[in-house]
Amino acid sequence: MPLTLKTVPCLRDNYAYLIHDASSGRTAVVDVPEAAPIQRALAESGWVLSDILITHHHDDHIGGVADLRAATGATVWGARADQHRLPALDHLLEEGDRVTLGNESGTVIDVPGHTVGHIAFYFPDSGLAFTADSLMALGCGRLFEGSAAQMWDSLTKLMALPEDTLMCSGHDYIKGNGAFALSVDPDNLALQTRLAELEGARAEGKPMATVSLGVEKATNPFLRASLDYLKDRSGQRAATDLEMFAYLRDLKDRF
Numbered sequence: 001m002p003l004t005l006k007t008v009p010c011l012r013d014n015y016a017y018l019i020h021d022a023s024s025g026r027t028a029v030v031d032v033p034e035a036a037p038i039q040r041a042l043a044e045s046g047w048v049l050s051d052i053l054i055t056h057h058h059d060d061h062i063g064g065v066a067d068l069r070a071a072t073g074a075t076v077w078g079a080r081a082d083q084h085r086l087p088a089l090d091h092l093l094e095e096g097d098r099v100t101l102g103n104e105s106g107t108v109i110d111v112p113g114h115t116v117g118h119i120a121f122y123f124p125d126s127g128l129a130f131t132a133d134s135l136m137a138l139g140c141g142r143l144f145e146g147s148a149a150q151m152w153d154s155l156t157k158l159m160a161l162p163e164d165t166l167m168c169s170g171h172d173y174i175k176g177n178g179a180f181a182l183s184v185d186p187d188n189l190a191l192q193t194r195l196a197e198l199e200g201a202r203a204e205g206k207p208m209a210t211v212s213l214g215v216e217k218a219t220n221p222f223l224r225a226s227l228d229y230l231k232d233r234s235g236q237r238a239a240t241d242l243e244m245f246a247y248l249r250d251l252k253d254r255f
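Residue 176 in the numbering used here sits at position 176 of the sequence shown; the count goes up by one each step and never skips.
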């Protein structure tokens, strides 16, 4: 059976994700911006938390780890490279390591750029990828620590996953990301359709930060940096794919 996914809004615009394996009863949470909403979601579902998976060190992703760990006794997993600035870790992770949750095993993917120690978690059997602030819905994270080359390499890794993979990002930045995407790719019909659908989802109070990789590749300008059409439209005809990505990231920073 695939893992059951529950999206938990936290803080102002963050998301945490609960994933539950029914056969074993094990439940993990990916990132803990704050503990209380996650504890409420666990109680509503009748699930017992067994594992905490951390993507990166920013406070809006780890701020509730200590409280949640104290309340549940959950095991904490995070990047070996970032252990000096993460809550105490029970398991130190590197690219290619496995995280087992009941009958399913997930893979750790190094995705530096937003931070240098950022990791993502990919569960292939359930078709779930938790990308936090690397690949984001209609965008990507700011380059606070890493380089454009690192982020482009990270996005390239994620783009290689199956297109039906559900990408679960860390924030609802849809409004700003969508406006920027439309400014650089205004003739993209798939983007126009997605933005209209997102407006409907927002009106209904639905989570905004999960979407298939296929839709992301068709609408997210940062994943379309290799397209000649987008380079030509942006006046970057001679740019390499990396140069085009860096151009778009800088443009978004000033948008």
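From the three backbone atoms N, C-alpha and C, an ideal C-beta is built for every residue, glycine too.
Classify residue i as helix, strand or coil using the three-state DSSP reduction.
i      : result
MET136 : strand
ILE38  : helix
SER147 : coil
MET167 : strand
ILE19  : strand
TRP152 : helix
ALA203 : helix
GLU95  : coil
ASN255 : The identity of residue 255 in the sequence shown is Phe, whereas the question assumes Asn. If DSSP states are grouped into helix, strand and coil, PHE255 belongs with coil.
ASN177 : helix
GLY214 : helix
THR4   : strand
LEU89  : coil
VAL48  : strand
ASP110 : strand
Which residues in the same chain have their Cβ closer than 7 angstroms to the Cβ of residue i, if we skip the five residues on either side of it in sequence?
i      : result
LEU223 : LEU155, MET159, GLU216, LYS217
GLU104 : LEU3, ASP21, PHE123, ASP125, SER126
ALA246 : ALA148
LEU242 : ALA148, ALA149, TRP152
ALA41  : LYS6, VAL8, LEU18
SER169 : THR131, ALA132, LEU135, MET136, ALA137, ALA209
ALA239 : LYS231, TYR247
ARG202 : MET208
Candidates the options: which alpha carbon is nearest residue i's?
i      : options                        : result
PRO33  : TRP152, ARG254, PRO87          : PRO87
ARG72  : ASP51, GLU199, ASP59           : Looking at the sequence provided, one finds Thr at residue 72 rather than Arg. Measuring from the Cα of THR72, the nearest candidate turns out to be ASP51.
ARG80  : ALA66, SER105, HIS118, GLY102  : HIS118
TYR15  : MET1, ASP187, ILE174, LEU230   : ILE174
LEU213 : GLY127, ARG233, GLU243, ALA201 : GLY127
GLU145 : GLY96, ASP82, GLU197, GLU94    : ASP82
ARG142 : LEU11, ALA22, ASP253           : ASP253
ALA225 : ASP59, ALA41, PRO207, ALA148   : ALA148
PHE121 : TYR247, VAL8, TYR17            : TYR17
GLY152 : ARG249, ARG202, GLU94, LEU92   : Looking at the sequence itself, residue 152 is Trp, so the reference to Gly does not match. Cα-wise, what sits closest to TRP152 is ARG249.
SER45  : ASP59, ILE19, ARG69, ALA70     : ILE19
ARG233 : ASP90, SER183, THR219          : SER183
HIS84  : LEU68, ILE38, ALA35, HIS56     : HIS56
SER23  : GLY63, VAL99, GLU95, MET1      : MET1
ALA35  : ASP59, VAL65, TRP47            : VAL65
VAL211 : ASP228, PRO162, ALA203, ALA70  : PRO162
Below 8 angstroms on the Cβ atoms is my guess for residue i versus residue j; work out the distance and round it to an integer in Å.
i      : j      : result
LEU3   : VAL29  : Between VAL29 and LEU3 the Cβ distance is about 12 angstroms, and since that is not below 8 angstroms, they are no contact.
GLY139 : ASN177 : 4 angstroms
ASP13  : HIS171 : 5 angstroms
LEU230 : ASP187 : Incorrect: roughly 10 angstroms between the Cβ atoms, too far for contact.
ALA181 : LEU191 : 6 angstroms
HIS61  : ASP97  : So it is not a contact: roughly 19 angstroms between Cβ atoms.
GLY25  : ILE54  : That belief does not hold up - the Cβ atoms of GLY25 and ILE54 are roughly 22 angstroms apart, past 8 angstroms.
THR219 : ARG194 : 5 angstroms
LEU11  : ILE38  : Their Cβ separation, rounded to whole angstroms, is 12 angstroms, which puts LEU11 and ILE38 out of contact at 8 angstroms.
Excluding five sequence neighbours on each side, which residues of the same chain lie with their C-beta closer than 8 angstroms to the C-beta of residue i?
i      : result
LEU198 : ILE174, GLY178, MET208
HIS58  : THR115, ASP133
Considering only residues of the same chain and omitting the five flanking positions on each side of residue i, which have a CB-CB separation below 6 angstroms?
i      : result
LEU89  : VAL76, GLY78, GLN83
LEU101 : ASP21, ARG26, ALA28
Determine contact between the region 98 to 118 and the region 130 to 140, defined as no fewer than three beta-carbon pairs at a distance below 8 angstroms.
-> yes
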